[in-house]
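See structure below.
Numbering (the working numbering), first residue to last: 1217 to 1555.
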């Protein structure tokens, strides 16, 4: 005959099942925390910034693959390491992780002997298990390897004006322009670009920027006769403020800078006066302490810095007791014994 299970036994059974499930989850989480190591060799490639013969190797992490495999497991990075993701489907925490790992010495790094061209050997140096637990709740590791560079685009495909900026200062009709090459890639960042017009500029003016002949010859000599597809480019002047507004703003800034300089000068003068007053006070103290012991004598005095008192040749600097009591004679007619 089949036994009936009481409601009390059912409750006990349910609690046992729930307890086992919770224990399994906790154990799994602890195990995950202890063995959670990301092998970055599965997610990294070597890329190149710049043109063939002038390129620089860089580490590129596959953020989407990391998001797929670890995005839900990583912890959010602290604010100091936070980077907002600019890739669709990649969380901020994974973007922060990728940004952190590219920085030496937190992870592996890539280097080469000088500028890189296709066929050159590039070295990647990995890292042993590196604790990221403080920031991302994981460990990382990577193995070292060497690789031949390939896929670097040549100068024939390059735009010699890519990244070039024309900076203007001044108001409309009196602005001045200059070339900024900070964002340009080698070798074009070394060119001494010439401007067709650089002063007394107004909104709507056109500036033609040209590569001088001397730099064209240099490019050809360094790159097997290479010549850029274009040697000049036009830029249009826009966004200049009205001259009156610019002058007013310039006046305001000049007055503010002048006020700041005056404040700094006043502060420096106050500090200097305090130091001089302190030094004078110390000199006065030393002078008084040096002559006070000689009051009532034959009028002789000596400087506090002197090592010897002229009235007491046996006195040496630092013997304060002798200095204080050297005029006092100690005797007692009734004293018996050793004094």
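Built from N, CA and C at the ideal position, the CB exists for glycine as well.
Residue i (DSSP reduced to helix, strand or coil)
{"i": "residue 1377", "result": "coil"}
{"i": "residue 1398", "result": "coil"}
{"i": "residue 1409", "result": "coil"}
{"i": "residue 1368", "result": "coil"}
{"i": "residue 1272", "result": "strand"}
{"i": "residue 1359", "result": "coil"}
{"i": "residue 1516", "result": "Per-residue confidence for residue 1516 stands at a pLDDT of 48, beneath the threshold of 50, marking its modelled position as unreliable; no derived number is given."}
{"i": "residue 1265", "result": "strand"}
Distance CB(residue i)-CB(residue j) smaller than 7 Å
{"i": "residue 1558", "j": "residue 1326", "result": "An answer regarding residue 1558 cannot be provided, because it is not within the stretch 1217 to 1555 covered by the chain."}
{"i": "residue 1315", "j": "residue 1342", "result": "no"}
{"i": "residue 1391", "j": "residue 1397", "result": "no"}
{"i": "residue 1338", "j": "residue 1311", "result": "no"}
{"i": "residue 1387", "j": "residue 1457", "result": "yes"}
{"i": "residue 1452", "j": "residue 1422", "result": "yes"}
{"i": "residue 1297", "j": "residue 1277", "result": "no"}
{"i": "residue 1402", "j": "residue 1286", "result": "no"}
{"i": "residue 1262", "j": "residue 1363", "result": "yes"}
{"i": "residue 1424", "j": "residue 1450", "result": "yes"}
{"i": "residue 1361", "j": "residue 1340", "result": "yes"}
{"i": "residue 1334", "j": "residue 1257", "result": "no"}
{"i": "residue 1393", "j": "residue 1382", "result": "yes"}
Assumed close pair residue i, residue j - CB separation to whole angstroms, cut-off 8 Å
{"i": "residue 1418", "j": "residue 1389", "result": "5 Å"}
{"i": "residue 1440", "j": "residue 1407", "result": "Incorrect: roughly 18 Å between the Cβ atoms, too far for contact."}
{"i": "residue 1283", "j": "residue 1305", "result": "6 Å"}
{"i": "residue 1303", "j": "residue 1281", "result": "That pair is no contact at about 12 Å."}
Same chain, Cβ closer than 7 Å to residue i, neighbours up to 5 away in sequence not counted
{"i": "residue 1442", "result": "1371, 1435, 1436"}
{"i": "residue 1454", "result": "1419"}
{"i": "residue 1318", "result": "1275"}
{"i": "residue 1307", "result": "1283, 1287, 1301"}
{"i": "residue 1404", "result": "1376"}
Beta-carbon proximity list for residue i, same chain, < 6 Å, skipping 5 on both sides
{"i": "residue 1291", "result": "1352, 1353"}
{"i": "residue 1426", "result": "1410, 1448"}
Contacting residues, own chain, Cβ-Cβ under 8 Å from residue i (five flanking each side not counted)
{"i": "residue 1433", "result": "none"}
{"i": "residue 1252", "result": "1289, 1353, 1354, 1355"}
{"i": "residue 1344", "result": "1357"}
{"i": "residue 1429", "result": "none"}
{"i": "residue 1264", "result": "1271, 1272, 1273, 1274, 1332, 1365, 1367, 1368"}
Problem set entry | Entirely enclosed alpha helix (DSSP H) segments - the region 1277-1354, minimum 4 residues | 1279-1286, 1308-1317
Exercise. In chain order, which alpha helix (DSSP H) runs of at least 4 residues are fully inside the region 1414-1490?
Worked result: 1429-1438
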